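**Q**
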């Protein structure tokens, strides 16, 4: 058990991941759910061409988590 | 290999982000689901940034006892102004909906994107906003320059906490609670008050 603000709570699983692993995951998700590869997805992201949908929003969060969210330096 | 100061900061961030993930997970498992959250941590050597992403452990989305589906992604980073490794929310997205596939059947999505608002000069929407995946015949008939589909509008809102999100599901969507509605709402109110007083690092 862990503690938060004086109360006992359940511990969570923690996993360390790398940027490469995240790119692989985004590639799988983008192919399955949007029918595009990571490179295609990333290109659309950089160009601001992605529609604002639940799937896209989720994959963009993964992209930012992987440290690839900065359009200017992409 | 990071120097000892950096290593200490990484450890402190790890502790703090894990505690925060445990807090969020506990809110869910004490109220509306037995599905806990997990945390993924990434240290980006290129930009020397630490990130943690909090999400459900086993599934992309969780089906609640009345069939309502929820999805949660919450990303935290190291607070730039705190050498003790405090964490700040970089962004989150809490969504719910119905049907077999939330990608299609989502109804509401709460987004809070302080990092995007701070660092992307082209970002022009509210830091906290709601997307509503519904239809309005009147809106669709409204033809003005720049109008876009209803679900793409960013309706402004204050920061909606996970406590607020769960409370909404319980009160308005009739989501059954694991240990009684009254105690769930009490727990959420208590947590919301404690967090506002003791832990919040950003408005």
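Residue numbers (the numbering used here), protein chains in the order written: chain A, 1 to 74; chain B, 1001 to 1203.
Every residue, glycine too, gets a C-beta built ideally from N, C-alpha and C.
Please read these numbers as outputs of a predicted model, since none were measured by experiment.
Would residue 1167 of chain B count as contacting chain A if we go by Cβ distances under 8 angstroms?
**A** no
**Q** Cutting at 6 angstroms between CB atoms, please list the residues of its own chain near residue 50 of chain A, excluding the five before and the five after it.
**A** Contacts found: 44, 56.
**Q** Give me the DSSP bridge partner(s) of residue 1056 of chain B.
**A** B:1037
**Q** If we cut at 8 angstroms on Cβ distances, does residue 1001 of chain B have a partner in chain A?
**A** Interpretation of residue 1001 of chain B is limited by its pLDDT of 48, a score under 50 that renders its predicted location unreliable; the figure taken from the coordinates is listed afterwards. It does not; no Cβ of chain A falls within 8 angstroms.
**Q** Pull up the distance between the alpha-carbon of residue 1036 of chain B and that of residue 1141 of chain B, whole angstroms please.
**A** 44 angstroms
**Q** When you compare the CB of residue 52 of chain A with every CB in chain B, is at least one pair closer than 8 angstroms?
**A** yes
**Q** Flag residue 1039 of chain B as yes if its beta-carbon sits less than 8 angstroms from any beta-carbon of chain A, otherwise no.
**A** yes
**Q** How long is the line joining the alpha carbons of residue 1102 of chain B and residue 1164 of chain B, rounded to whole angstroms?
**A** 20 angstroms
**Q** Measure the beta-carbon distance from residue 1185 of chain B to residue 1175 of chain B and round it to whole angstroms, keeping in mind my assumption that it falls under 8 angstroms.
**A** Incorrect: roughly 12 angstroms between the Cβ atoms, too far for contact.
**Q** The segment 1037 to 1068 of chain B: which residues have C-beta closer than 7 angstroms to a C-beta of chain A, in chain order?
**A** 1037, 1038, 1039, 1040, 1041, 1042, 1044, 1046, 1047, 1049, 1051, 1053, 1057
**Q** Any C-beta of chain A sitting closer than 8 angstroms to the C-beta of residue 1103 of chain B?
**A** yes
**Q** Assess, as a yes-or-no matter, whether the segment 32 to 44 of chain A is touched by the segment 1008 to 1025 of chain B under the definition of 3 or more beta carbon pairs within less than 8 angstroms.
**A** no
**Q** Got a sec? Which residues, its chain only, sit under 6 angstroms from residue 1092 of chain B by beta carbon, not counting five neighbours each side?
**A** 1074, 1112
**Q** Which two residues bound the contiguous beta strand (DSSP E) that contains residue 1111 of chain B?
**A** 1106 to 1112
**Q** What does residue 22 of chain A reach in chain B if we use C-beta pairs closer than 8 angstroms?
**A** Per Cβ cutoff of 8 angstroms: 1042.
**Q** Output, in sequence order along the chain, the residues in the segment 10 to 40 of chain A whose CB is closer than 8 angstroms to any CB in chain B.
**A** 10, 11, 12, 13, 14, 15, 16, 17, 18, 19, 22, 33
**Q** Just to confirm the assignment: which complete beta strand (DSSP E) runs, minimum length 3, are found wholly within the segment 1074 to 1100 of chain B?
**A** If we require 3 residues or more, the beta strand (DSSP E) runs fully inside the segment 1074 to 1100 of chain B come out as 1087 to 1097.
**Q** Which word fits residue 30 of chain A, buried or exposed, when buried means at least 16 other C-beta atoms lie within 10 angstroms of its C-beta?
**A** buried
**Q** Hey, quick one: how far does the alpha helix (DSSP H) through residue 1046 of chain B stretch, first residue to last?
**A** Per DSSP, residue 1046 of chain B belongs to no alpha helix (DSSP H) and is neither H nor E.
**Q** Taking DSSP's pairing of strands, which residues face residue 1070 of chain B in a bridge?
**A** B:1062, B:1096
**Q** Compute every distance between the C-beta of residue 1109 of chain B and the non-hydrogen atoms of the ligand NAD, then say whether any falls below 7 angstroms.
**A** The ligand content of the structure shown is nil, which means the ligand NAD is not present either.
**Q** Residues of chain D with CB under 8 angstroms from residue 1091 of chain B, in chain order?
**A** Checking the listed chains, one finds no chain D in this structure; the protein chains it contains are A and B.
**Q** Is it true that the CB of residue 69 of chain A sits closer than 8 angstroms to the CB of residue 1047 of chain B?
**A** no
**Q** Excluding five sequence neighbours on each side, which residues of the same chain lie with their C-beta closer than 8 angstroms to the C-beta of residue 1193 of chain B?
**A** Here the set comprises nothing.
**Q** Per DSSP, which residues does residue 1014 of chain B bridge with? Please list them.
**A** Bridge partners of residue 1014 of chain B: none, in fact.
**Q** If distances are taken between C-alpha atoms only, which option among B:1198, B:1144, B:1069, B:1139 comes closest to residue 1173 of chain B?
**A** Among B:1198, B:1144, B:1069, B:1139, the Cα nearest to that of residue 1173 of chain B is on B:1069.
**Q** Look at the alpha carbon of residue 1096 of chain B and the alpha carbon of residue 1152 of chain B, and state the distance between them as a whole number of angstroms.
**A** 16 angstroms
**Q** Give me the residue from B:1034, B:1022, B:1160 with the minimum Cα distance to residue 1040 of chain B.
**A** A check of alpha carbon separations from residue 1040 of chain B across B:1034, B:1022, B:1160 identifies B:1022 as the nearest.
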